[in-house]
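**Q** Would you mind keeping the following structure in view while I ask a few things?
Residue numbers (our numbering): 174 to 939.
Right, here's the structure in full:
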């Protein structure tokens with residue numbers, strides 16, 4: 174109902190504006206009856222009102238504008254010429270349409286019979302038939318009136334009491350029993366006029382003779398204000414200029430607040446606090462003027478879904494929730510293209526053909542849900558379909574075939590990361606190029622455009638069941654909350670939308686929690702490996718030895734890492750300023766802002782920092798992108814038996830996991846953990862290759878998941894030391910069951926594990 178009320182309100186505002194213009198155009202058309210431009214403009218206006226009224230089920234309004242549109246069509250096509258009766262009829266139609274709009278505003282319907290539509294429509298229909306109706310004469314007036322009546326009648330219409338007195342009628346007495354009060358010489362006139370005004374008297378003067386109460390002029394004007402009076406159209410450039418001015422005001426506010434904090438002037442402090450309050454309220458109000466409902470983007474989705482479903486042979490039921498969710502106008506425009514592409518993808522790659530759905534035990538018609546809502550200061554948009562989902566095995570095969578990733582890289586990715594490969598440039602699973610898909614340009618552009626406006630894209634899919642794409646974008650880009658950090662003598666701003674938490678490490682905690690993998694530092698945070706990036710090094714500085722470490726944990730899409738900074742200052746609302754065109758290639762920066770002391774601070778781009786440091790990370794491992802020797806093999810280097818080293822071919826590793834010890838259960842003589850809706854059998858690597866088992870010493874167990882013939886086995890190790898690609902010279906020294914030999918890896922003697930033999934000997938997963 175709220176959506177209908179909003180649509181009707183917009184219809185009323187636009188229609189009233191069009192009618193005002195219509196009055197002017199019709200009057201001008203009388204002066205220039207041959208103007209095709211005026212006729213076309215008038216016709217379009219009536220046509221628009223007619224079409225919308227039909228859509229909103231305003232039947233009387235639709236019928237009236239329909240006959241008016243027909244007459245205007247004949248005038249426009251030259252079948253009829255503009256005449257005074259036609260102009261009069263069209264103006265009467267405009268007045269009646271305006272009256273119907275007022276009724277709709279009051280009642281929500283156009284069924285109020287107090288507005289007569291039939292007589293006006295009859296006049297227009299007569300004109301269409303070539304009959305010009307005669308001028309109407311009021312039924313109340315006699316056929317012949319004395320010459321003096323025109324001077325008397327206006328008085329009657331304006332002030333009934335005065336008219337009655339002048340006509341010799343005593344107020345409160347019916348017209349037939351009126352007593353003459355005028356002089357004898359005017360009595361005859363009074364007798365003649367009295368019957369003529371009797372009907373006006375009956376309506377204008379109550380039987381009691383008491384005048385009706387007048388409305389109180391002090392009545393609340395807001396209650397009488399119409400929907401037209403409640404809105405005003407403003408040029409978008411003016412709104413943008415207001416936002417810029419408010420941004421400058423916020424900067425000035427920040428400067429004054431910083432000055433007042435070190436000032437002893439009480440009045441200055443009070444004035445600064447007052448300015449802070451007013452500026453914040455003004456900022457909020459101006460931002461609201463730029464906010465528009467996402468329903469404006471969704472308005473075209475039913476047509477897109479309808480056309481594509483016919484083209485692709487699909488049957489789709491579209492549901493849209495959260496039309497009223499608002500976001501900044503500039504972001505709304507930037508979101509239009511990506512959302513359209515995601516909807517097209519859902520129909521092309523997600524929802525199956527009716528016969529395929531029936532064969533899979535699904536309803537014939539697929540379901541597509543568009544949902545928008547606010548969450549944590551951001552707008553979340555979800556596109557969900559109940560189609561076939563995304564098969565990670567197919568994605569992996571296509572990614573390797575197209576050279577998007579290597580087999581070794583695929584082995585290091587979990588299911589979610591494999592699915593997200595569809596966002597890589599040039600990736601496409603389409604077998605042929607059509608006008609819908611198959612050109613290898615699509616999802617990567619979607620992610621790029623979303624990230625350009627400070628947003629992120631996440632994808633979740635269940636094979637055979639559904640796929641959900643979740644888009645997160647900020648409410649606005651003009652003024653955002655940010656964390657201000659320091660490095661050297663400079664300050665930098667980090668958007669709070671990317672901020673997860675702050676971690677401070679000192680002493681033993683620092684030594685125990687920070688490790689190095691592949692030469693890169695990582696932080697073991699609550700059982701997960703978090704890659705670390707030094708802001709100083711990212712800016713081109715030298716690494717420093719520190720006694721304490723401040724880590725800002727950041728999130729960008731599915732990538733989470735820690736940014737090591739020298740100092741954390743405070744949070745502020747900052748005004749985003751674009752950086753110069755010459756600096757666009759510096760991907761670490763998303764913009765700039767002016768701080769309270771007037772100095773410029775650069776805004777860090779979280780995704781850009783990760784890309785510039787060439788870091789790819791999962792929750793359990795980290796890999797630094799680097800050049801690879803053609804003869805090198807990829808190895809996962811492990812620690813087993815409390816200090817000894819072993820290595821597995823990375824191609825045999827499906828993924829890495831960590832489980833709390835209390836999740837380990839026993840069935841028969843085997844250890845298992847509940848994993849991905851099933852059971853994962855466990856094999857302890859150390860005893861399997863003849864070494865003492867020390868994996869019981871920690872609260873968490875590290876597991877290498879090995880998959881073979883659709884069966885998975887978990888290899889329990891002490892911990893992962895590194896992921897490397899190196900040339901290996903195998904020695905038979907140390908050869909035994911489950912170990913093919915040894916090699917020098919990273920200057921350390923390392924056992925080379927034969928995973929197939931280990932699994933076969935234990936019999937687990939067979």
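Even glycine gets a Cβ: it sits at the ideal position worked out from N, Cα and C.
Source: prediction; values computed, not measured.
From residue 682 to residue 743, what does the alpha carbon distance come to, in whole angstroms?
**A** Their Cα atoms are separated by approximately 25 Å.
**Q** With burial defined as no fewer than 16 other Cβ atoms inside 10 Å of the residue's Cβ, what is the status of residue 242: buried or exposed?
**A** Buried, because 16 or more other Cβ atoms sit within 10 Å of the Cβ of residue 242.
**Q** Could you spell out the range, first to last residue, of the alpha helix (DSSP H) harbouring residue 475?
**A** Start and end: 474–485.
**Q** Per DSSP, which residues does residue 879 bridge with? Please list them.
**A** Answer by DSSP bridge pairing, in chain order: 886.
**Q** Use the C-beta contact count for residue 578: other C-beta atoms within 10 angstroms, 16 or more gives buried, fewer gives exposed.
**A** Buried.
**Q** Any chance the segment 568–588 sits against the segment 650–670, with 3 or more Cβ pairs inside 8 Å?
**A** Touching, no, given that fewer than three Cβ pairs across the two stretches are closer than 8 Å.
**Q** Could you give the distance in angstroms between the alpha-carbon of residue 465 and the alpha-carbon of residue 505?
**A** When rounded, the distance between both Cα atoms is 8 Å.
**Q** Fully enclosed by the segment 407–468, which beta strand (DSSP E) runs are 3 residues long or longer?
**A** You should have 464–466.
**Q** With a CB to CB cut of under 6 Å and the five nearest residues on each side skipped, what residues in its chain are close to residue 826?
**A** For residue 826, where only same-chain residues beyond five positions count, the Cβ hits under 6 Å are 584, 809 and 877.
**Q** Provide the residue(s) that pair with residue 547 in DSSP beta bridges, ordered along the chain.
**A** BP columns for residue 547 point to 552.
**Q** Where does residue 646 land, buried or exposed, given buried means 16+ other C-beta within 10 angstroms?
**A** Residue 646 is buried by the Cβ-count criterion.
**Q** What does the alpha-carbon distance come out to for the pair residue 265 and residue 181?
**A** For residue 265 and residue 181, the distance between alpha carbons rounds to 23 Å.
**Q** With DSSP run on the structure shown, which of helix, strand or coil describes residue 266?
**A** DSSP places residue 266 in helix when its eight states are reduced to three.
**Q** How many Å lie between residue 509 and residue 717 at the Cα?
**A** Distance between the alpha carbons of residue 509 and residue 717 is about 46 Å.
**Q** Tell me which residues share the same chain as residue 523 and place their Cβ nearer than 7 Å to its Cβ, disregarding the 5 neighbours each side in the sequence.
**A** Only 558, 560, 561 and 640 meet the Cβ criterion.
**Q** Measuring only the C-alpha atoms, how far is residue 228 from residue 240?
**A** The straight-line gap from Cα to Cα measures roughly 17 Å.
**Q** Given residue 140, which residues of its chain have a CB within under 7 Å of its CB, disregarding the five upstream and five downstream residues?
**A** Outside the modelled stretch of the chain, which goes from 174 to 939, sits residue 140, for which no answer is possible.
**Q** Assign residue 924 to buried or exposed, taking buried as 16 or more other Cβ atoms, counted over all protein chains shown, within 10 Å of its Cβ.
**A** Residue 924 should be labelled buried.
**Q** Measuring alpha carbon to alpha carbon, tell me which residue in 892, 860 and 880 is nearest residue 872.
**A** Nearest of 892, 860 and 880 to residue 872, Cα basis: 892.
**Q** I'd like to know whether the C-beta of residue 771 is nearer than 8 Å to at least one C-beta of chain B.
**A** The structure shown has no chain B; it contains just one protein chain.
**Q** Within a Cβ cutoff of 7 Å, which residues of the same chain sit near residue 654, ignoring the five residues on either side of it in sequence?
**A** Correct list, in chain order: 669, 744 and 746.
**Q** Would you say residue 211 and residue 198 are within 8 Å of each other, going by their C-beta atoms?
**A** Against a cut-off of 8 Å, the Cβ pair of residue 198 and residue 211 comes out as a contact.
**Q** Given residue 909, which residues of its chain have a CB within under 8 Å of its CB, disregarding the five upstream and five downstream residues?
**A** Contacts found: 862 and 863.
**Q** CA-CA distance, residue 544 and residue 529?
**A** Spanning the two alpha carbons is a distance of roughly 26 Å.
**Q** Could you pull out every residue in the same chain whose Cβ sits closer than 8 Å to the Cβ of residue 671, ignoring the five residues on either side in sequence?
**A** Excluding sequence neighbours, residue 671 sits near 727, 728, 729 and 779.
**Q** How would you call residue 497, buried or exposed, if buried means at least 16 neighbouring beta carbons within 10 angstroms?
**A** Classification for residue 497: exposed.
**Q** Quick one: grab the DSSP three-state call for residue 913.
**A** If DSSP states are grouped into helix, strand and coil, residue 913 belongs with the strands.
**Q** Which runs of the alpha helix (DSSP H) spanning at least 4 residues fall entirely within the segment 568–598, listed in chain order?
**A** Counting only runs of 4 or more, we get 580–584 and 588–592.
**Q** How is residue 493 classed by DSSP in three states: helix, strand or coil?
**A** Here residue 493 sits in strand by DSSP.
**Q** Per DSSP, what are the beta-bridge partners of residue 734 in this structure?
**A** Residue 734 pairs with 727.
**Q** Comparing C-alpha positions only, which one of 516, 630, 563 and 511 sits nearest to residue 551?
**A** When each option's Cα is compared against that of residue 551, the closest is 630.
**Q** What's the call for residue 902, buried or exposed, on a 16-neighbour Cβ count within 10 Å?
**A** Classification of residue 902: exposed, given that the 10 Å Cβ count is below 16.
**Q** Along the alpha helix (DSSP H) that carries residue 782, what are the first and last residues, could you check?
**A** Residue 782 -> alpha helix (DSSP H) spans 779–785.
**Q** State the start and end residues of the unbroken alpha helix (DSSP H) segment that holds residue 837.
**A** That residue, residue 837, is in no alpha helix (DSSP H); it is neither H nor E in DSSP.
**Q** Any idea what DSSP makes of residue 190, helix, strand or coil?
**A** Helix, per DSSP.
**Q** How would you call residue 759, buried or exposed, if buried means at least 16 neighbouring beta carbons within 10 angstroms?
**A** Result: exposed.
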